[in-house]
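Take a look at the structure set out below.
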Amino acid sequence: MAGQRRIVIDVTSTANTDLNTGIQRVVRRIVEHADEVGKELGVSCIPVQLVRGRLIAAPKVAGKPSWDDRLFGSLGRSFHGGRERLRKRLRAISPNVGESADRFGRRLRKLLYPKSLAAGTEMAYWSARGRRVDLTSDDVLLALDATWVLKYPEFYRMVRSRGCRISQVIYDLIPVTHPEFFETRLSETFVEWLRHALTMADEFRAISATVRDQLRQLRHVEPRLMTDGVSSALRDEDIHAFPLGADLQADDRPATARESLSRAFDGGEPVFCNVGTIEPRKNHVLLLDAMDDYWKAGGRGRLVLAGRIGWKCRDLETRLRSHAEAGRRLFWLDDATDEEVRYLYRRSRALVYPSIVEGYGLPIIEALHQGTEVLASDTPIHREVGGDRVSYFALGRTDELVARLGEYASTPKDPRRTSGFRVPTWKESCRGLLEGVLRSAERARDGARTTERERRRAA
149 MAGQRRIVID VTSTANTDLN TGIQRVVRRI VEHADEVGKE LGVSCIPVQL VRGRLIAAPK
209 VAGKPSWDDR LFGSLGRSFH GGRERLRKRL RAISPNVGES ADRFGRRLRK LLYPKSLAAG
269 TEMAYWSARG RRVDLTSDDV LLALDATWVL KYPEFYRMVR SRGCRISQVI YDLIPVTHPE
329 FFETRLSETF VEWLRHALTM ADEFRAISAT VRDQLRQLRH VEPRLMTDGV SSALRDEDIH
389 AFPLGADLQA DDRPATARES LSRAFDGGEP VFCNVGTIEP RKNHVLLLDA MDDYWKAGGR
449 GRLVLAGRIG WKCRDLETRL RSHAEAGRRL FWLDDATDEE VRYLYRRSRA LVYPSIVEGY
509 GLPIIEALHQ GTEVLASDTP IHREVGGDRV SYFALGRTDE LVARLGEYAS TPKDPRRTSG
569 FRVPTWKESC RGLLEGVLRS AERARDGART TERERRRAA
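Residue 245 in my numbering sits at position 97 of the sequence shown; the count goes up by one each step and never skips.
Pasting the structure below:
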């Protein structure tokens with residue numbers, strides 16, 4: 149019976165972090181509504197995490213992380229970050245010194261904290277927080293989280309050994325198409341994971357039609373995604389898309405902000421904003437170049453960046469912190485709250501989003517949702533999410549962006565660009581995802597029944 153079926157949702161990566169952006173935000177919001185939507189669809193939804201080869205229920209992953217999750221997440225990041233910084237410094241002195249330190253550290257860990265003790269401690273901790281979940285052949289495993297950070301061959305084999313169907317969510321293909329934006333190890337890990345997932349998953353659910361179409365094409369032409377030169381047996385109709393939601397409220401409640409942000413709006417000059425992690429693919433270099441040219445030409449306006457520092461952007465970080473306009477016409481918040489982002493959207497003349505490549509481009513949706521106009525780079529994904537409501541400029545054309553900044557700074561907001569814009573709620577997003585997963589599972593089950601009947605007739 150459909151009511152007895154379960155969708156078991158992997159949230160392993162998110163359950164081990166206090167982050168609430170990007171993939172983690174999607175995971176938390178989908179899980180937040182999964183129980184209610186599941187009941188409406190006649191299916192039980194169970195969030196789980198993989199711990200030492202076992203699936204443990206993870207009921208606390210929805211909403212904001214608990215205080216102990218935040219504490220342990222912070223301690224873990226501090227430890228691993230400090231260890232990596234020490235490694236880099238030692239390797240800078242001498243590669244041999246760095247390697248010797250690594251070997252000594254591994255031996256010391258094995259002596260003081262052997263794997264058997266680590267495994268027992270970890271299992272005891274997580275088992276106390278959630279019950280064990282055993283898969284059956286009637287279940288669907290929805291791989292919603294960043295599966296590539298797991299020991300994924302073991303993970304997929306374990307799921308497959310239970311006869312369980314796998315529905316894999318895919319957020320983007322950037323490590324495949326643009327590996328230059330990532331550390332080599334990360335992009336290689338992602339590519340290897342995706343190749344493996346293409347052979348193990350029954351279907352993929354992409355967060356945009358652009359990513360869906362990219363995957364349909366790349367799996368046939370990208371050698372790194374093939375096994376022995378042969379692409380996976382998945383059909384194009386096994387690769388779907390579902391809509392994401394947005395959770396910045398577009399209501400009349402006043403949004404508040406710290407003094408350093410509200411000061412950016414003093415004086416009456418138009419303010420342009422950019423929201424998102426500071427990293428190379430977001431193209432902040434082009435944005436800063438355009439603003440510098442705009443200011444040199446006498447342009448009026450300010451720029452506010454809201455985003456934490458990412459990777460491979462040390463020079464950009466230095467440029468931001470030492471910029472001549474820092475604190476005057478250039479402002480940067482690396483820890484903006486949702487409330488402050490809402491404040492920023494509502495008061496800005498426009499969001500400027502010059503990103504080179506995205507899986508979705510959520511800030512475009514959020515800005516339009518808040519009634520803020522958008523200037524964005526002309527890419528397929530931006531066209532998909534922004535449509536004709538967004539003003540586009542060519543990638544790499546600083547002069548084109550400068551001209552658009554001048555146009556927007558000299559004209560008032562045009563409410564026609566954003567009026568009537570509607571974004572799906574997270575509940576609607578969750579429903580779209582779960583309904584699609586269930587439909588595919590039912591079709592597969594019906595197909596298996598038909599095949600079995602035909603086999604019996606032939607016998």
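Every residue gets a Cβ at the ideal spot worked out from N, C-alpha and C, and that includes glycine.
Query                                                                                                           : Result
Per-residue burial, LEU284 [other beta carbons within 10 Å of its own, 16 or more giving buried]                : Note that residue 284 is Thr in the sequence shown here, rather than Leu. Exposed, since its Cβ has fewer than 16 Cβ neighbours within 10 Å.
Residue burial classification, HIS530 (beta-carbon count within 10 angstroms, cutoff 16)                        : buried
Simplified DSSP assignment, three categories, for PRO195                                                        : strand
Alpha-carbon spacing of ASP158 relative to LEU290, whole angstroms                                              : 6 Å
TYR319 in three-state terms, based on DSSP                                                                      : coil
Three-state secondary structure assigned by DSSP to TYR304                                                      : helix
The segment 328-346 in contact with the segment 511-518 per 3-pair CB rule at 8 Å                               : no
Spatial distance of TYR319 from ARG177 (CA atoms)                                                               : 15 Å
Given 8 Å, three or more beta-carbon pairs between the segment 570-587 and the segment 376-385                  : no
Other residues of its chain near ALA403: CB distance less than 8 Å, five sequence neighbours each side excluded : GLU487, GLU488, ARG490, TYR491, ARG494
CB-CB length for ASP386 against PHE420, believed under 8 Å                                                      : Not really, about 42 Å apart at Cβ, beyond 8 Å.
CB contact flag (LEU549, SER539, <7 Å)                                                                          : no
CB contact flag (PRO195, VAL185, <7 Å)                                                                          : no
Same chain only: Cβ atoms within 7 Å of THR485, ignoring 5 sequence neighbours per side                         : none
Proximity below 7 Å, CB of CYS461 to CB of GLU427                                                               : yes
Cα-Cα separation between SER558 and ALA592, rounded to whole angstroms                                          : 57 Å
Spatial distance of LEU468 from VAL423 (CA atoms)                                                               : 15 Å
Between the CA atoms of ASP282 and GLU465 - distance to the nearest angstrom                                    : 47 Å
Helix, strand or coil at ARG591 [DSSP, three-state]                                                             : helix
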